[in-house]
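Asker:
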Amino acid sequence: MPRRARRRVPAALAIAALLSGIAALPGVADAAGATAAATPSITGAPAAERSASVATDGRVPVVDPTPTADPARAAEYWLDQYGIRSAWQTTRGKGTTIAVIDTGIGRGPVEFSGAVVGGTDFSGVGASDGRQPVGAVDANHGSWVASLAAARGTGPDTGMIGVAPEASLLSISIGFGATSSVPFVQQVADAMRWAVDHGADVINLSFTTNTLTWDRAWDDAFLYAFDHDVVVVVAAGNKGSGTDEVGAPATIPGVLTVGGVGRTEVASEEASTQGITIGISAPSEQLLGVSSDGQLVQWNGTSGAAPIVAGIAALVRAAHPDLDSNNVINRIIRTARPAAGATSVPDEKYGYGLVDANAAVTGSVASVDANPMGNLHEWVRLFRRADASPAPAPSSSAFVVPDLPEADRPDARSPLLPSTDTLLYGSVPLAAGTLAAILVALGVTAAARRIRSERAPRPSSRPSKEFPHL
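Residue 1102 is where the sequence shown starts when you use the numbering used here, and the numbers rise one by one after that.
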């Protein structure tokens, strides 16, 4: 199967399955007994992936199995390297249910026989049972993810086997990008609720939106899962697919975000990313996956690292049925092995370290009262405070508005003519004031004349000395 070329998409539009490369495995029989191509095409594969995945002869090196070894089982290096086979001595996940919200789990592969116990479709283009692969590009993605979590092999010691091979699966199909006309946010929100209502103990989400924030519809959907004691495992994203840092849903408080490492346990440059919300690391390179048609492929991406951890979460829940989801997550991160490349704990590339299935299942870990990966309730309280007050409830009966009073009729007279108001409050007071002022002025004038006349000298009655009477 051709390897998908690396591509970068705008953050606002990026809703992608997290895989960075696939290749058919040579010499590995599929469920129908056919043999995959011996020299798979890898056109368009990044150089770093090509050097890690392909030998000099162009073939995909898995292992050099002995004549009696099953090539699929021999290729699953993570079973021993990460303590999964040792954990199987305690439990294989019986009694737990993993919901795979992805592009659907194929009906054909025998690896899923008896594993899928229910499913549905929220893309609007899939089958009612969620078993019809959705999408032209990512149709096999859901089957690959599910096979890593809980495939049951083709026999006791043959065929690909998942981390929790006795766990049950829910196949919930959604459409990435333009595959569906239903808004992606709504598909995921509805799928989360359906998974919880149908008995999921663990929910796996192997996709990213490449944005730090998320729609408010996801607040309620993820809180619904947390409040119903469900572990939510999320892929961190891949730099090879354009994810330079973790994006939602990996940024939602309370989810267990999984980063990816290569076979040498060093953070993958192509098949992982970085971010402070990464909680644990798991293999993301040279992974196996069962396609919807039964073909076995090798692929890379944190889309594969997440279901490995989801399977381990199922093992922990099966071994410790009394633990709530907070303590399941706490066991996984507290029993992690230190990563040689980490500079702190938690680290932005490795989280708390490399997942150790056996230690998570059998180790002694103190219990906690809160989710170590954060509290979504508190986040909503702080950052969605505008929505905290309840909206007013609509009235059951219609509100009757009383009739408005009749409007005043306009005065048809000329605005230049005096009105009653202008005469009463303008002209009459003005005239009265003017008359009073005039009367006061006349009184003052009369008084002034009287005073002057009284002060004037009166004529003398004596004869003049200069002109005596003749």
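For each residue, glycine too, the CB sits at the ideal point set by N, CA and C. Everything numeric in this text was worked out from a predicted model, so none of it was measured.
1. Quick check on the DSSP output: what are the complete beta strand (DSSP E) runs of length 3 or more inside the segment 1280-1323, in order along the chain?
2. What residue from Arg1208, Glu1212, Asp1203 and Leu1313 has the CA that sits closest to Phe1277's CA?
3. Nearest by alpha-carbon distance to Ser1404: which of Ile1433, Lys1340 and Arg1432 is it?
4. Which residues in the same chain as Ala1268 place their Cβ atom closer than 6 Å to its Cβ, once the five residues preceding and following it in sequence are excluded?
5. Report yes if the CB atom of Gln1190 is closer than 9 Å to the CB atom of Pro1384, and no otherwise.
6. Whole angstroms are fine: how far does the CA of Arg1294 sit from the CA of Ser1224?
7. Take every Cβ of the segment 1392-1409, pair it with every Cβ of the segment 1313-1328, and state whether three or more of those distances are shorter than 8 Å.
8. Is DSSP giving Leu1389 helix, strand or coil here?
9. Three or more C-beta pairs closer than 8 Å, one from the segment 1390-1400 and one from the segment 1231-1247: is that the case here?
10. How should Ile1552 be labelled, buried or exposed, when 16 other C-beta atoms within 10 angstroms of its C-beta is the threshold for buried?
11. Which residues in the same chain as Val1297 place their Cβ atom closer than 7 Å to its Cβ, once the five residues preceding and following it in sequence are excluded?
12. Output the boundary residues of the beta strand (DSSP E) element that contains Ala1383.
13. Keeping to the same chain, check which residues put their C-beta closer than 7 Å to that of Ala1419; ignore five residues upstream and five downstream.
14. Ala1200 lies in the alpha helix (DSSP H); which residues open and close that run?
15. DSSP has Gly1278 in a bridge; who is on the other side?
16. Alpha carbon to alpha carbon, how far is Ile1262 from Arg1482?
17. Using the DSSP secondary-structure output, state which residues sit across from Leu1397 in a beta bridge.
18. With distances taken Cα to Cα, identify the nearest neighbour of Gln1387 among Asn1459, Glu1177, Pro1172 and Ala1170.
19. Could you pull out every residue in the same chain whose Cβ sits closer than 7 Å to the Cβ of Ser1554, ignoring the five residues on either side in sequence?
20. Tell me, please, whether the segment 1421-1440 touches the segment 1460-1474 by the rule of three or more beta-carbon pairs shorter than 8 Å.
21. Of all the options Thr1255, His1421, Leu1540 and Pro1530, which has the alpha carbon lying nearest to the alpha carbon of Gly1209?
22. Is DSSP giving Leu1455 helix, strand or coil here?
23. If I measure Cβ to Cβ from Thr1436 and keep anything under 8 Å in the same chain, skipping five residues before and after, which residues do I get?
24. Put Ile1552 into one of helix, strand or coil per three-state DSSP.
25. Is the beta carbon of Leu1306 closer than 9 Å to that of Pro1350?
26. Identify, in the order they occur along the chain, each residue of the same chain with its Cβ nearer than 6 Å to the Cβ of Ala1216, setting aside the five sequence neighbours on each side.
27. So, under 8 Å CB-CB, Ala1441 and Glu1366 are touching, yes? Tell me the CB distance rounded to an integer number of Å.
28. On the premise that Gly1231 lies in contact with Asp1222, defined as a C-beta separation below 8 Å, what is that separation, rounded to the nearest angstrom?
29. What do you get for Gly1402, buried or exposed, if any count of 16 or more other CB atoms within 10 angstroms of its CB means buried?
30. For Ser1269, which residues does DSSP report across the bridge?
31. To the nearest angstrom, how far is the alpha carbon of Gly1534 from that of Arg1550?
32. Inspect the beta-carbon positions of Val1410 and Ile1379 and report whether they are closer than 9 Å.
33. Pick from Ala1537, Ala1547 and Pro1354: whose alpha carbon is nearest that of Asp1321?
34. I'd like to confirm the pairing. Which residues does DSSP put opposite Leu1357 in its beta bridges?
35. Just grab the DSSP bridge partners of Asp1222 for me.
Answerer: Let's see:
1. If we require 3 residues or more, the beta strand (DSSP E) runs fully inside the segment 1280-1323 come out as 1303-1306.
2. Reading the sequence shown from its first residue, position 176 is the one you call residue 1277. Among Arg1208, Glu1212, Asp1203 and Leu1313, the Cα nearest to that of Phe1277 is on Asp1203.
3. Mapped onto the sequence shown, residue 1404 falls at position 303. For the residues Ile1433, Lys1340 and Arg1432, the minimum Cα distance to Ser1404 belongs to Lys1340.
4. The sequence position of residue 1268 within the sequence shown is 167, counting from 1. The beta carbon of Ala1268 is closer than 6 Å to those of Gly1194, Thr1197, Ile1199, Ala1251 and Ala1415 in its chain, skipping five residues each way along the sequence.
5. Numbered from 1 along the sequence shown, position 89 holds the residue referred to as residue 1190. Numbered from 1 along the sequence shown, position 283 holds the residue referred to as residue 1384. No; because the gap between Cβ atoms is not below 9 Å, this pair is not in contact.
6. Here the question's residue 1224 lines up with position 123 in the sequence shown. Here the question's residue 1294 lines up with position 193 in the sequence shown. In a straight line, the C-alpha of Ser1224 is about 15 Å away from that of Arg1294.
7. No: fewer than three Cβ pairs fall under 8 Å.
8. Along the sequence shown, read from residue 1 onward, the residue named residue 1389 stands at position 288. Residue state, collapsed to three classes: strand.
9. Between the segment 1390-1400 and the segment 1231-1247 there are three or more C-beta pairs closer than 8 Å, enough to call the two in contact.
10. Position 451 of the sequence shown, counting from 1, holds the residue named residue 1552. Ile1552 is exposed by the Cβ-count criterion.
11. Position 196 of the sequence shown, counting from 1, holds the residue named residue 1297. Cβ contact annotation for Val1297 (same chain, cutoff 7 Å, sequence separation greater than five): Tyr1325, Ala1326, His1329 and Val1331, in chain order.
12. Here residue 1383 corresponds to residue number 282 of the sequence shown, with the count starting at 1. Note, Ala1383: beta strand (DSSP E), Ile1379 to Pro1384.
13. In the sequence shown, residue 1419 corresponds to position 318, counting from 1. Residues of the same chain with a CB within less than 7 Å of the CB of Ala1419, apart from the 5 flanking positions on each side, are Thr1192, Gly1194, Lys1195, Gly1196 and Thr1197 in chain order.
14. The residue given as residue 1200 occupies position 99 in the sequence shown. Element bounds for Ala1200: not the alpha helix (DSSP H) but the beta strand (DSSP E), Thr1198 to Asp1203.
15. For the purposes of this step, residue 1278 is identified with residue 177 of the sequence shown, where counting begins at 1. Gly1278 is not bridged by DSSP to any residue.
16. Looking up residue 1262 in the sequence shown gives position 161. Looking up residue 1482 in the sequence shown gives position 381. Roughly 43 Å separates the two Cα atoms.
17. Against the sequence shown, residue 1397 aligns to sequence position 296. In the DSSP output, where bridge partners are listed per residue, Leu1397 has Val1391.
18. Position 286 of the sequence shown, counting from 1, holds the residue named residue 1387. For Gln1387, the nearest C-alpha among the options comes from Glu1177.
19. Along the sequence shown, one-based indexing puts residue 1554 at 453. Apart from sequence neighbours up to five positions away, no residue of its chain approaches Ser1554 with a beta-carbon distance below 7 Å.
20. Inter-segment contact for the segment 1421-1440 and the segment 1460-1474 is present: three or more beta-carbon pairs are separated by less than 8 Å.
21. As a position in the sequence shown, residue 1209 is number 108, starting the count at 1. Gly1209 has its Cα closest to that of Thr1255, out of Thr1255, His1421, Leu1540 and Pro1530.
22. As a working mapping, residue 1455 is identified with position 354 in the sequence shown. Secondary structure of Leu1455 (DSSP, three-state): strand.
23. Against the sequence shown, residue 1436 aligns to sequence position 335. These residues qualify, in order along the chain: Asp1457, Ala1460, Ala1461, Gly1464 and Val1466.
24. To locate residue 1552, count along the sequence shown from 1; it is residue 451. In the three-state DSSP reduction, Ile1552 falls in the helix class (H, G or I).
25. Residue 1350 sits at position 249 when you count from the first residue of the sequence shown. Residue 1306 sits at position 205 when you count from the first residue of the sequence shown. Between Pro1350 and Leu1306, the C-beta gap is smaller than 9 Å, which places the two residues in contact.
26. In the sequence shown, the residue the question calls residue 1216 occupies position 115. Within the same chain, Ala1216 has close Cβ partners Ala1251, Arg1253 and Leu1270.
27. Against the sequence shown, residue 1441 aligns to sequence position 340. Against the sequence shown, residue 1366 aligns to sequence position 265. That belief holds up - the Cβ atoms of Ala1441 and Glu1366 are roughly 7 Å apart, short of 8 Å.
28. The residue labelled residue 1222 in the question sits at position 121 within the sequence shown. The residue labelled residue 1231 in the question sits at position 130 within the sequence shown. Contact annotation, Asp1222 with Gly1231: C-beta distance approximately 5 Å; criterion of less than 8 Å satisfied.
29. Counted from its first residue, the sequence shown places residue 1402 at position 301. Answer is buried; the Cβ neighbour count reaches 16.
30. One-based indexing of the sequence shown puts residue 1269 at position 168. Within the DSSP secondary-structure output, Ser1269 pairs in a beta bridge with Thr1198.
31. Counting from 1 along the sequence shown, the entry for residue 1534 is found at position 433. Counting from 1 along the sequence shown, the entry for residue 1550 is found at position 449. Looking at the two C-alpha atoms, the distance is approximately 25 Å.
32. Position 309 of the sequence shown, counted from the first residue, corresponds to residue 1410. Position 278 of the sequence shown, counted from the first residue, corresponds to residue 1379. In this structure, Ile1379 does not lie closer than 9 Å to Val1410 by Cβ.
33. Reading the sequence shown from its first residue, position 220 is the one you call residue 1321. Of the listed residues, the one whose Cα sits closest to Asp1321 is Pro1354.
34. Position 256 of the sequence shown holds residue 1357. Per DSSP, Val1334.
35. Residue 1222 sits at position 121 when you count from the first residue of the sequence shown. Partner(s): Ser1274.
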